[in-house]
Amino acid sequence: LAQQGHSCIDQNVHCSICLDVFTDPVSIPCGHNFCQACILGYWKSSPLYQCPMCKKSFYKRPDTSVNTVLREIAEQLLEEPTETPPPASTSPASPSWKEVLCDVCLGGGRPKAVKSCLVCLTSFCEEHLKSHASRFTKHKLMEPVANMEDRMCPKHQRLLELFCKKDQTCVCVLCTETDHRAHYTVPVEREWTEKRAQLKKVQVDVQQLIQDRVRKVEEIKRSVELSDASAKRETEDSIQVFCELVRSIQKTQADVVAAIEEKQRRIESQAHDLVAELEREIDELRRRGVDLENMDRTDHIHFLKVQDDVACRKIEKVLKYTGMLDVTSPPPTHPTVLPSVEDVTLDPDTANPWLQLSQDRRQVRHLGAWQDLPDHPDRFDTVVIVLGREGFTSGRHYWEVQVGEKDDWYLGVAKSSVKRKGRISVSSANGWLLARDMLTTQSSNLRRSGYAVEHGNRAAAREFNVNESMV
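Using my numbering, read the sequence shown as starting at -8 and increasing by one per residue.
Here it is, written out as structure tokens:
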């Protein structure tokens, strides 16, 4: 009896569209194979009827028929479990799954077959092949294969030697005279060669796709490594920056606290000296009060005798400190507390004709005479005002202005939308925020906090917080 083996099922019979094992594979005129549902769906979504592989176009949609050979291979691939070849040290009693044994030899140690006869449907070893070749010289031999019965036509019991292109199935010679009359058929070896070439191309494409994806994975991993290294560097840099910032804040805090403590010590020392001096003066005044009370109790003769001495002796003013000790903390002047002084450049287009600006636009004075200036839309034509060129919309701002000996001046900020022409009510309700003579200004319409003070001939406006464009 012929030994039945397992045929080798190709592991790469996949559709190039769905990348899965063929389901109802069909062939199109260019020779490529696809799942029937995949190629029909591809043509439905494409404006042209063309091959997805070679891009060959067709005038009309080609007729498709199921390739039964590929379908059987695909079904076997899905149904049969994957066999793993045994180790190389397998004993002769357990031959490799790729080996085809001689069907004539008996016993457990049968040798491998070297040829299979397509007429006898039997595989022969080298010894039995010599006997067979001498007797049957016209039998067709081929490389050893298993399952020789599968190569027979089930209807005519003849060898399957041809391949029907229309029905995509293997047929025998008698089939071409009956069911497959007038069908285009080719030898199975030729069709196998073509299909094997197509399979090799698919294998090459699959390997190329694998390499592309492996390369992409490496690029992604490399990108993640670079990103991780960059994140670590940025983290270290940010930690260093914040540590330096914390140290700077701590040092500044220590300096401010030390200055406050030193000032407090000076105030306490001054207050102690003042209290001691005032207590001595109080004792002296009490003694003087007792003397005056005693003199008031004496008779008129004694009073008149001593009153001249008392009248001649003027009571010395013993108070050396006529003012009160100011222990109220002034506004903070530490350079780290207040923002830096901002430069102000005056805008000549806003200056009232009574005002004259310096060449550098840093000074202004009342000229005492009307100037004939162009009527600019931003110029104040009635109120004697000039605005700075630079404005701001947010933040904390600090200015210092030299006012000289002037006793009539105003300093402040205004909204950029304030009225410029005619008489103007300069008030916070109309967009103005003015300060004069050490007055602290408040406004409910402009959200800000701060104060304006005058020190000698210097005026300063400090820490105005706004919520609208101001100048």
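Where is the CB? At the ideal position from N, CA and C, for every residue including glycine.
Between the alpha carbons of residue i and residue j, how many angstroms are there, rounded?
i      : j      : result
Lys472 : Glu391 : Limits of the chain in this structure are -8 at one end and 462 at the other, which puts residue 472 out of reach.
Val512 : Lys223 : Here the chain comprises residues numbered -8 to 462, so residue 512 is not present and cannot be evaluated.
Arg411 : Asp334 : 24 Å
Ile8   : Leu120 : 46 Å
Ala23  : Asp141 : First, the amino acid is wrong: residue 23 is His here, not Ala. Their backbone Cα atoms lie some 26 Å apart in a straight line.
Val404 : Leu424 : 5 Å
Val248 : Arg257 : 14 Å
Gln244 : Val237 : 10 Å
Lys103 : Ile211 : 50 Å
Leu151 : Ala188 : 21 Å
Ser229 : Gln241 : 18 Å
Glu259 : Ile292 : 51 Å
Glu117 : Gln41  : 51 Å
Arg370 : Ser239 : 46 Å
Val95  : Pro135 : 13 Å
Asp351 : Val232 : 40 Å
Leu165 : His147 : 7 Å
Met44  : Cys26  : 13 Å
Arg206 : Ala137 : 41 Å
Ile415 : Thr373 : 8 Å
Val355 : Glu253 : 41 Å
Ser214 : Arg204 : 15 Å
Trp183 : Pro16  : 16 Å
Val463 : Cys163 : Coverage of the chain is limited to positions -8 through 462, which leaves residue 463 absent and any answer about it impossible.
Asp340 : Asp366 : 9 Å
Leu39  : Ala173 : 31 Å
Asp11  : Ser125 : 48 Å
Thr73  : Tyr50  : A caution first: Thr73 carries a pLDDT of 48, below 50, which makes its placement in the model too unreliable to give a value.
Glu225 : Leu217 : 12 Å
Leu358 : Gly386 : 35 Å
Glu270 : Asp287 : 26 Å
Which of the three DSSP states is assigned to residue i in this structure?
i      : result
Ala173 : coil
Gln194 : helix
Tyr401 : coil
Trp345 : coil
Thr167 : helix
Thr160 : strand
Ser408 : coil
Val179 : helix
Phe383 : strand
Val281 : helix
Lys106 : strand
Glu354 : As written in the sequence, residue 354 is Gln, which differs from the Glu given in the question. Of the three classes helix, strand and coil, the one that applies to Gln354 here is coil, per DSSP.
Phe294 : helix
Leu364 : coil
Val205 : helix
Phe233 : helix
Ser218 : helix
Leu378 : coil
Glu391 : strand
Val57  : strand
Ser239 : helix
Ser416 : coil
Is there at least one non-hydrogen atom of the ligand GTP closer than 6 Å to the beta-carbon of residue i?
i      : result
His171 : As for the ligand GTP, it is missing from this structure, which has no ligand bound.
Would you mind giving the Cβ-Cβ distance between residue i and residue j, rounded to the nearest angstrom? I have them listed as a contact below 8 Å.
i      : j      : result
Arg101 : Cys93  : 5 Å
Leu153 : Thr167 : 6 Å
Val4   : Leu68  : 7 Å
Cys6   : Phe13  : 6 Å
Gly422 : Ser408 : 6 Å
Exercise. Is it true that the stretch 142 to 160 meets the stretch 26 to 35, where meeting means three or more beta-carbon pairs spaced less than 8 Å apart?
Worked result: no
Problem set entry | Whole beta strand (DSSP E) elements within the stretch 1 to 39, 3-residue minimum | 16 to 18, 24 to 26
Exercise. With contact counted as at least three CB pairs below 8 Å, one residue from each stretch, are the stretch 217 to 231 and the stretch 54 to 65 in contact?
Worked result: no
Exercise. Touch check for the stretch 377 to 387 and the stretch 345 to 357: three-plus C-beta pairs under 8 Å?
Worked result: yes
Exercise. Which parts of the stretch 112 to 163 are runs of the alpha helix (DSSP H), unbroken and 4 residues or longer, counting only runs that do not cross its ends?
Worked result: 117 to 126
Exercise. What alpha helix (DSSP H) runs, 4 residues minimum, are completely inside the stretch 243 to 267?
Worked result: none
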